[in-house]
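This report concerns only the one structure given below.
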Amino acid sequence: MQRVLSAAPRRVLAGKKRFSALVSLDYEYPGLPAATPQPAKATSVSVSTLPNGLTVATEDSCVNSTVIMTYPKAGSAGESLDEQGAALMNKCMNFKSGSGLSSILINRTIEDAGGLPFTTLNRAGASLGFTVAPELAAGLVPLLATDCTFEKWDVRDALALANTEAEVAGTSAQIVLTENVFAAAYGPQSPAGRPLYSAPPSLDAIRSFRRRAYGLKDAVLTVTGVKDHAAFCAEVESYLADSPVGAGSLPSMAYIGGESRIATQGSGYAHVAIAFPAPVSSAVATVVKHYFSVVGGPSGVSGFTADGLVGLYAGSASAGAVTDAMVKVATTPVSADTLQRAKSLAKGEALLALESGSKALASAISASVLSGQGFGGPKDIVSAYDAVSEAHVKQALAAMLKSNPSLAAVGDIASVPYHATLRANFA
21 MQRVLSAAPR RVLAGKKRFS ALVSLDYEYP GLPAATPQPA KATSVSVSTL PNGLTVATED
81 SCVNSTVIMT YPKAGSAGES LDEQGAALMN KCMNFKSGSG LSSILINRTI EDAGGLPFTT
141 LNRAGASLGF TVAPELAAGL VPLLATDCTF EKWDVRDALA LANTEAEVAG TSAQIVLTEN
201 VFAAAYGPQS PAGRPLYSAP PSLDAIRSFR RRAYGLKDAV LTVTGVKDHA AFCAEVESYL
261 ADSPVGAGSL PSMAYIGGES RIATQGSGYA HVAIAFPAPV SSAVATVVKH YFSVVGGPSG
321 VSGFTADGLV GLYAGSASAG AVTDAMVKVA TTPVSADTLQ RAKSLAKGEA LLALESGSKA
381 LASAISASVL SGQGFGGPKD IVSAYDAVSE AHVKQALAAM LKSNPSLAAV GDIASVPYHA
441 TLRANFA
């Protein structure tokens, strides 16, 4: 009896071991994660244009879905003369009451799905979106394309927010400088050159701008984490059947060049920017931006890109000296070593954006689709920058320097040379 009892546990354990070997771990432990996870998948982007004029771009590798609706007519460059400030006001009206839904219901529906609404604005367009689980993305898309009803309480809140944003922008030297860069580049009376942060116009002008700019025609919907592009497009098209289509054509931004200055006495510091029309290729434009930063780093000069512009920026207590340094940077001959460093920085910046989360990836895809240059994933991005040659950069710089430069200066700028002198230095 003693031998039988002592041998029984071993037989039971041995039996369990043999039994466990015949079934999967998931049988005994439901929900156990896979022991051999799937390898990471490279980003693949699909693009289609729906009959209503909306372009849909989806990506299939993200585990969550960032949904961004971009309206390229809704930037301040799309304002008419009597609509100045309407773009900012309408940005503040995003996620407000519309299409029979209240502001509370719209925002709570997104938040209940785990999303956080966001909206952005620049001269070339406005965007709004959120990040949620992939299975919830399609059903929430109509909340980005509602027909705003301009309820009086929504208008009151949006007006207060727009005025606050304009007030805060006026206290930032960098934002004021940016406003002056566009005024110099596109002309202070043009839609693209007028201030983005302006006091709101009449309610009729705000309504007129939204009817024209916030429509599906020419808009771009970008969604990450979508496995079946065709099915998603069909679902979204049915959901957006009653959304506004919009009207009008895409705004144009014609480069002119010139100067714009704001002098403040006693500040002891100056912010200076020199801008040129950007090359057609976004890859070349980004390489030129980093070329300016590489060459100008030791003297405190950095490159920048903005809507249709490439340029140099510096801030210093010695405005005249830093302006001379910017001219020297822009006219420095291109060397193979400097170009290679600039290309590496440009590639790194682009690839880092893809790895910074689904929101950054969705924003990059939207920008590529809107530019008309497409988005092919990491391999194509690397290939595009590798294809930028020394001849391409030299040709781009030569064309930029032959153009009429744009000079913007804010602060203690008494020693900043005037536009004619600057232009002669580049000539």
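21 is the number of the first residue of the sequence shown in our numbering; add one for each residue after it. The beta carbon of each residue, even a glycine, is placed where N, CA and C say it ideally should be.
Open item on the list: So A373 and A382 are supposed to be a Cβ contact under 8 Å. How far apart are they, rounded?
Closed with: Counting from one through the sequence shown, the residue named residue 373 turns up at place 353. Counting from one through the sequence shown, the residue named residue 382 turns up at place 362. The Cβ separation is near 10 Å, so there is no contact.
TODO: Indicate the three-state DSSP secondary structure (helix, strand or coil) for A41 in the structure shown.
DONE: Residue numbering aside, residue 41 sits at position 21 when the sequence shown is read from its first letter. Residue confidence is low: A41 scores 49 on pLDDT, short of 50, so the model does not pin down where it sits. Its coordinate-derived value is still stated next. DSSP places A41 in the coil class of the three-state scheme, outside both helix and strand.
- [ ] Starting from L141, follow the beta strand (DSSP E) in both directions and report where the run begins and ends.
- [x] Taking the sequence shown and counting its residues from 1, the one referred to as residue 141 is at position 121. Counting along the chain, the beta strand (DSSP E) containing L141 begins and ends at F138 to N142.
TODO: Kindly indicate which residue of S391, T75, V408 and T343 has the alpha-carbon position closest to the one of T366.
DONE: The residue given as residue 366 occupies position 346 in the sequence shown. Rather than Thr, the amino acid found at residue 366 in this sequence is Ala. With distances taken between Cα atoms, A366 lies closest to V408.
Task: CB of L270 within 8 Å of CB of K93, strictly - done: Taking the sequence shown and counting its residues from 1, one reaches residue 270 at position 250. Taking the sequence shown and counting its residues from 1, one reaches residue 93 at position 73. It is a contact, given that the beta carbons lie within the stated cut-off.
- [ ] Determine the DSSP secondary structure at F229, reduced to helix, strand or coil.
- [x] Taking the sequence shown and counting its residues from 1, one reaches residue 229 at position 209. Looking at F229 - three-state DSSP - the assignment turns out to be helix.
Task: Cβ-based burial, V188 [other Cβ within 10 Å; buried from 16] - done: Along the sequence shown, one-based indexing puts residue 188 at 168. It is exposed - the Cβ of V188 has fewer than 16 other Cβ atoms within 10 Å.
Open item on the list: Considering Cα atoms alone, identify which of A133, L179 and A219 is closest to D102.
Closed with: Translated into the one-based positions of the sequence shown, residue 102 becomes position 82. Residue A219 is the option with its Cα nearest to D102.
- [ ] Look up L163 in the DSSP assignment and say whether it is helix, strand or coil.
- [x] What you label residue 163 is simply residue 143 of the sequence shown in a count that begins at 1. Residue state, collapsed to three classes: helix.
Open item on the list: Need the endpoints of the beta strand (DSSP E) that R281 sits in, please.
Closed with: Here residue 281 is taken as the residue at index 261 of the sequence shown, counted from 1. Unbroken beta strand (DSSP E) run through R281: G278 to A283.
Open item on the list: Using CA atoms only, rank isn't needed, just tell me which of Y206, L125 and A293 is closest to T166.
Closed with: As a first step, residue 166 is located in the sequence shown; it is residue number 146 there, counting from the start. The closest CA to that of T166, considering only Y206, L125 and A293, is found on L125.
- [ ] Please say whether A362 and V402 have beta carbons closer to each other than 8 Å?
- [x] On the sequence shown, residue 402 is found 382 positions in, with the first residue counted as 1. On the sequence shown, residue 362 is found 342 positions in, with the first residue counted as 1. No; because the gap between Cβ atoms is not below 8 Å, this pair is not in contact.
TODO: Tell me whether A451 sits in a helix, a strand or coil according to DSSP, three-state version.
DONE: Since the displayed the chain opens at 21 and closes at 447, residue 451 lies outside it and no answer follows.
Open item on the list: With the cut-off set at 8 Å, would you say K309 and G320 are in Cβ contact?
Closed with: In the sequence shown, residue 309 corresponds to position 289, counting from 1. In the sequence shown, residue 320 corresponds to position 300, counting from 1. It is not a contact, given that the beta carbons lie outside the stated cut-off.
TODO: Quick one: measure Cβ to Cβ for G95 and A77, integer angstroms, because I've assumed they're closer than 8 Å.
DONE: By one-based count along the sequence shown, residue 95 stands at place 75. By one-based count along the sequence shown, residue 77 stands at place 57. G95 to A77, Cβ: 19 Å. No contact.
TODO: Sort out for me which residues DSSP pairs L241 with in a bridge.
DONE: Residue mapping note: residue 241 aligns to position 221 of the sequence shown, counting from 1. Paired residues: V76 and M89.
Task: Rounded distance between the beta-carbons of F296 and S423, thought under 8 Å - done: Taking the sequence shown and counting its residues from 1, one reaches residue 423 at position 403. Taking the sequence shown and counting its residues from 1, one reaches residue 296 at position 276. Rounded, the Cβ-Cβ distance is 6 Å, consistent with contact.
Open item on the list: Using CA atoms only, rank isn't needed, just tell me which of L141, L148, F115 and E155 is closest to A133.
Closed with: Here residue 133 refers to the residue found at position 113 of the sequence shown. Residue E155 is the option with its Cα nearest to A133.
Open item on the list: According to DSSP, is C82 part of a helix, a strand, or is it coil?
Closed with: Start at 1 with the first residue of the sequence shown, and residue 82 comes out as number 62. It is coil, neither helix nor strand.
- [ ] Report the rounded CA-to-CA distance for G153 versus Q393, giving the unit in angstroms.
- [x] The count along the sequence shown starts at 1 and reaches residue 153 at position 133. The count along the sequence shown starts at 1 and reaches residue 393 at position 373. It should be noted that the sequence gives Ala, not Gly, for residue 153. Rounded to the nearest whole angstrom, the CA to CA distance from A153 to Q393 is 29 Å.
Task: When L148, V354 and G397 are compared against F312, the one with the closest alpha-carbon - done: Stepping through the sequence shown from its first residue, residue 312 is reached at position 292. If we check each option's Cα against that of F312, V354 comes out closest.
- [ ] Leaving aside the five residues before and after P162 along the sequence, list all residues of the same chain whose C-beta is less than 7 Å from its C-beta, in chain order.
- [x] In the sequence shown, residue 162 corresponds to position 142, counting from 1. Here the set comprises Y259, L260 and S263.
Open item on the list: Among the candidates L359, L179 and H291, whose CA atom is the shortest distance from the CA of A193?
Closed with: Within the sequence shown, residue 193 is the residue found at index 173, counting from 1. Nearest to A193 by C-alpha distance, out of L359, L179 and H291, is H291.
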